[in-house]
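These protein sequence lines are chains A and B, in that order. For the first sequence, my numbering assigns the number 46 to the initial residue and increments by one for each residue that follows. For the second sequence, my numbering assigns the number 46 to the initial residue and increments by one for each residue that follows.
Protein chains: 2
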Amino acid sequence: MVDIVMVGTVALDSVKTPFGQKDDILGGSATYGSYAASFFAQPGIVAVVGDDFPQDNLQLLKEKGISTDGIEVSGKTFRWSGEYEFDMNEAKTLDTQLNALATFSPKIPEEYKEAKFLFLANIDPNLQLAVLEQTNADFVMLDSMNFWIESARDKLLEVISKVDVLLLNDGEARQLFNTANLVKAAKQAMDLGPKYVIFKKGEHGALLFSDGKVFNAPGYPLEDLKDPTGAGDSFAGAFIGYIAKTKDLSEPNIRKAVVYGSVVASFNVEDFSLENMKRLSLEKIEQRFNEMQELRSF
Amino acid sequence: MVDIVMVGTVALDSVKTPFGQKDDILGGSATYGSYAASFFAQPGIVAVVGDDFPQDNLQLLKEKGISTDGIEVSGKTFRWSGEYEFDMNEAKTLDTQLNALATFSPKIPEEYKEAKFLFLANIDPNLQLAVLEQTNADFVMLDSMNFWIESARDKLLEVISKVDVLLLNDGEARQLFNTANLVKAAKQAMDLGPKYVIFKKGEHGALLFSDGKVFNAPGYPLEDLKDPTGAGDSFAGAFIGYIAKTKDLSEPNIRKAVVYGSVVASFNVEDFSLENMKRLSLEKIEQRFNEMQELRSF
């Protein structure tokens, strides 16, 4: 039984960081998002991969209880290649091969249609809208990135107006709303429709805005950050996973969900691809959640 | 009776931000630091100004109970000119005129010598050391900046080894300790001697490191940021002011001091020069301190 539908990319990434280089590793926004959510609930992916996509990657997802029934096979897999330099804060995209994504038309499996939670992960806003229109979720969250802000701004704003939670990183928020000030950007975002706006700030944590309230979530101070890829997606996945598990949409619970998002993202970046999430348990997540309380109390 | 000795600059600044341009306004690390500290304790400044320095600037400090007995008058006042662009995160220095600072040799007034707290604000580390050697403080804090990291690195490291608290912004910490990782930078810093290390992160708040502990202090989400000049100095001043007031050097109290630092800095940047601090009261500070609790609880 699928709780959370996620549309996004399932990709093969080539990533270079100061700590190494890995080629053709499992990546993509729906991959990271669903894996992170699977610690809390049952996600189902809507995506496309090519016939070059390794079966054991799909197996890895299935073993975590993630439904891959909505993953279509067609052409070649989407590939992203990127590099992180010294400060690890921003990926430099070296190459993007859309491949099967270029002609993807998402179809939602029947068993996804009663899911109450929908995550429109980072992908073409036209595809996000197509999925939104085929589902009946009560709680919809959207993530995006600079590429879509630049190339499909109007469509993106249209989809944003239909969701409950808008998730962007702080740089993207400044770009989309044309202001350096995140408080102002959040107000503009909420004027479009979303009840909650979350700006991810990498190592600095995240800000959650809602009607008249701000929550300042900490980042977890990591000594061994190896690969930031998927940090935002795993944040989002754990966030919506926790909400799907608790079914509590109150602001105090949304705050907790943000902290679970930060926690799972902090584990994810400690190794390449999904390697560290594969070693992760709910017990370790709870332990770091408690540390988050400790490191910010005064 | 002076509680806190502060050596640093008392300056005339010319500042341009997206919100306006102001010339020859009161600035300098000791100015911002002492004014912020004066809400909690009695600071005394050690600095030099020129005979071109307006008397009403000195009057403003005196009226807040700040001792200016350690301010020497000689030659022309130190002048700094800077500009902040769209994102307001970093000042671009347009011009620096050391003037009287170039030949300044600090002399400590007798009534400063029993002060238990010393703030070596941002100035030439040779001057910081000269002041340190003439005082008998139990609790010494040091701030610095990229200019001294580049031009006087060895002397700066020597002074750091003699202080209790090292304060830097995150970019400077990465530069001084040659690592992008702030946890690693903090360990290196503590190995030099300081018991506490604070990395200021502008709008993202601050990190406090001590033996085995990390405290993640929030930034206050401001909608009207006008001029970031003096944010770090007012943070530092309020921090050491609160500690001088409470005389409690325990880690939990140091955490509170960091939050008071963030609070006063957040008021400071809402207007140019000391304009907003002039309108500030302890009551408003306490109110925003309580908001800081609220905006980070989960």
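Backbone N, C-alpha and C define an ideal beta-carbon position, used for all residues, glycine too. Predicted, not measured: the structure shown is a model, and the values here were computed from it.
Notebook entry, point to check: Is the segment 132-140 of chain B in contact with the segment 270-281 of chain B, if contact means three or more CB pairs nearer than 8 angstroms?
Noted result: yes
Item checked: Residue interval of the beta strand (DSSP E) (run including A:G115) -> Indexing the first sequence from 1 puts residue 115 of chain A at position 70. 112-118 is the extent of the beta strand (DSSP E) around A:G115.
Notebook entry, point to check: Going along chain B in order, which residues have a C-beta closer than 8 angstroms to the C-beta of A:M133?
Noted result: In the first sequence, counting from the first residue as 1, residue 133 of chain A sits at position 88. The contacting residues are A225.
Notebook entry, point to check: How is A:T291 classed by DSSP in three states: helix, strand or coil?
Noted result: Along the first sequence, read from residue 1 onward, the residue named residue 291 of chain A stands at position 246. Note: A:T291 maps to helix in three-state DSSP.
Next item on the list: Report the residues of the segment 246-276 of chain B with a CB closer than 9 angstroms to any CB of chain A, ordered along the chain.
Entry: K246, E248, H249, G250, L252, F254, K258, V259, F260, N261, A262, P263, G264, Y265, P266, L267, E268, D269, L270
Check: If you scan the segment 248-277 of chain A from start to end, which runs of the alpha helix (DSSP H) of 4 or more residues do you find wholly inside it?
Finding: none
Notebook entry, point to check: Looking only at C-alpha atoms, which of B:M337, B:E331, B:L327, B:R341 sits nearest to B:K109?
Noted result: In the second sequence, counting from the first residue as 1, residue 109 of chain B sits at position 64. Measuring from the Cα of B:K109, the nearest candidate turns out to be B:L327.
Check: Which term fits A:F85, buried or exposed, when burial requires 16 or more other beta carbons within 10 angstroms of its beta carbon?
Finding: In the first sequence, the residue the question calls residue 85 of chain A occupies position 40. Label assigned to A:F85: buried.
Margin query: With three or more C-beta pairs closer than 8 angstroms as the rule, is the segment 157-164 of chain B touching the segment 179-196 of chain B?
Written below: yes
Item checked: Under the three-state DSSP convention, the category B:R333 falls into -> Reading the second sequence from its first residue, position 288 is the one you call residue 333 of chain B. In the structure shown, B:R333 sits in a helix (DSSP, three-state: H, G or I).
Checklist line | Closer than 8 angstroms at the beta carbon, the chain A residues around B:L57 | finding: Mapped onto the second sequence, residue 57 of chain B falls at position 12. Neighbours of B:L57 on chain A: none; closest Cβ ~27 angstroms, over 8 angstroms.
Next item on the list: Have a look at B:A75, B:F280, B:L57 and flag the residue whose alpha-carbon is nearest the alpha-carbon of B:D140.
Entry: For the purposes of this step, residue 140 of chain B is taken as the residue at position 95 of the second sequence. Comparing Cα positions, the closest option is B:L57.
Notebook entry, point to check: Cβ of A:F164 within 6 angstroms of any heavy atom in the ligand HEM?
Noted result: The ligand HEM is not among the ligands present in this structure, which contains no ligands whatsoever.
Notebook entry, point to check: Excluding sequence positions up to five away, which residues of its chain have a Cβ less than 6 angstroms from the Cβ of A:F23?
Noted result: Nothing about residue 23 of chain A can be read from this structure; chain A reaches only from 46 to 343.
Item checked: Three-state class that DSSP yields for B:R300 in the structure shown -> Locating residue 300 of chain B in the second sequence gives position 255, counting from the first residue. B:R300 falls in the helix class under three-state DSSP.
Check: Residues of chain A with CB under 7 angstroms from B:R300, in chain order?
Finding: The sequence position of residue 300 of chain B within the second sequence is 255, counting from 1. Chain A residues near B:R300: F343.
Notebook entry, point to check: Under 7 angstroms between the Cβ atoms of A:A82 and A:I49?
Noted result: Here residue 82 of chain A refers to the residue found at position 37 when the first sequence is read from its first residue. Here residue 49 of chain A refers to the residue found at position 4 when the first sequence is read from its first residue. Their beta carbons are under 7 angstroms apart, which means A:A82 touches A:I49 by this criterion.
Margin query: I'd like the span of the beta strand (DSSP E) that includes B:P88, first residue to last.
Written below: Start at 1 with the first residue of the second sequence, and residue 88 of chain B comes out as number 43. 88-94 is the extent of the beta strand (DSSP E) around B:P88.
Check: According to DSSP, what are the bridge partners of B:T141?
Finding: Within the second sequence, residue 141 of chain B is the residue found at index 96, counting from 1. B:T141 is bridged to B:W125.
Next item on the list: Could you tell me which of A:S318, A:I116, A:V91 sits nearest to A:Q100, measuring between CA atoms?
Entry: For the purposes of this step, residue 100 of chain A is identified with residue 55 of the first sequence, where counting begins at 1. For A:Q100, the nearest C-alpha among the options comes from A:I116.
Check: Quick one: is B:V60 near chain A, going by C-beta distance under 7 angstroms?
Finding: Counted from its first residue, the second sequence places residue 60 of chain B at position 15. Taking Cβ atoms only, chain A never reaches closer than 7 angstroms to B:V60, which makes this a no.
Notebook entry, point to check: By how many angstroms is the C-alpha of B:K290 removed from the C-alpha of B:Q87?
Noted result: Reading the second sequence from its first residue, position 42 is the one you call residue 87 of chain B. Reading the second sequence from its first residue, position 245 is the one you call residue 290 of chain B. Rounded to the nearest angstrom, the two C-alpha atoms are 9 angstroms apart.
Check: Across which residues does DSSP place A:K245 in a beta bridge pair?
Finding: Here the question's residue 245 of chain A lines up with position 200 in the first sequence. BP columns for A:K245 point to A:N214, A:A251.
Next item on the list: Give the C-beta separation of B:S317 and A:L340 to the nearest angstrom, bearing in mind that I take them to be a contact with Cβ-Cβ under 8 angstroms.
Entry: Position 272 of the second sequence, counted from the first residue, corresponds to residue 317 of chain B. Position 295 of the first sequence, counted from the first residue, corresponds to residue 340 of chain A. Checking the displayed sequence, the identity of residue 317 of chain B turns out to be Phe instead of Ser. So it is not a contact: roughly 34 angstroms between Cβ atoms.
Check: Within 7 angstroms (strictly less), CB to CB, does A:L201 reach chain B?
Finding: Taking the first sequence and counting its residues from 1, one reaches residue 201 of chain A at position 156. False, the Cβ-Cβ gap to chain B never drops below 7 angstroms.
Margin query: Just checking: is the beta-carbon of A:V304 within a distance shorter than 7 angstroms of some beta-carbon in chain B?
Written below: For the purposes of this step, residue 304 of chain A is identified with residue 259 of the first sequence, where counting begins at 1. True, the Cβ-Cβ gap to chain B drops below 7 angstroms.
Notebook entry, point to check: According to the Cβ coordinates, are A:L165 and A:L143 closer than 7 angstroms?
Noted result: For the purposes of this step, residue 165 of chain A is identified with residue 120 of the first sequence, where counting begins at 1. For the purposes of this step, residue 143 of chain A is identified with residue 98 of the first sequence, where counting begins at 1. Taking 7 angstroms as the Cβ cut-off, A:L165 and A:L143 do not qualify as a contacting pair.
Item checked: Continuous beta strand (DSSP E) stretch holding B:S59: start and end -> For the purposes of this step, residue 59 of chain B is taken as residue 14 along the second sequence, with counting starting at 1. B:S59 -> beta strand (DSSP E) spans 56-62.
Check: Between B:T23 and the rest of its own chain, which residues show a CB-CB distance below 6 angstroms, the 5 nearest in sequence each way excluded?
Finding: Residue 23 of chain B lies beyond the residue range present for chain B, which begins at 46 and ends at 343; the question has no answer from this structure.
Notebook entry, point to check: Are there three or more Cβ pairs, one per stretch, closer than 8 angstroms when the segment 300-309 of chain A is compared with the segment 290-303 of chain B?
Noted result: no
Check: Looking at the unbroken beta strand (DSSP E) that takes in B:V185, where does it start and where does it end?
Finding: As a position in the second sequence, residue 185 of chain B is number 140, starting the count at 1. Run containing B:V185: 184-188, per the beta strand (DSSP E) assignment.
Margin query: Could you give the first and the last residue of the continuous alpha helix (DSSP H) run that contains B:L165?
Written below: Within the second sequence, numbered from 1, the residue matching residue 165 of chain B stands at position 120. Element bounds for B:L165: not the alpha helix (DSSP H) but the beta strand (DSSP E), 162-165.
Next item on the list: Work out the CA separation of B:A251 and B:A262 for me, nearest whole Å.
Entry: Taking the second sequence and counting its residues from 1, one reaches residue 262 of chain B at position 217. Taking the second sequence and counting its residues from 1, one reaches residue 251 of chain B at position 206. Answer to the nearest angstrom: the Cα atoms are 5 angstroms apart.
Item checked: Euclidean distance between Cα positions of B:G78 and B:S255 -> To locate residue 78 of chain B, count along the second sequence from 1; it is residue 33. To locate residue 255 of chain B, count along the second sequence from 1; it is residue 210. C-alpha separation (whole angstroms): 23 angstroms.
Next item on the list: Anything in chain A within Cβ reach of B:L340, meaning under 7 angstroms, just list it in chain order.
Entry: Along the second sequence, read from residue 1 onward, the residue named residue 340 of chain B stands at position 295. By Cβ distance, chain A contributes V259, F260, N261.
Checklist line | Length of the line joining the Cα atoms of A:Q356 and A:S126 | finding: No answer is possible for residue 356 of chain A: it lies beyond the span of chain A, which begins at 46 and ends at 343.
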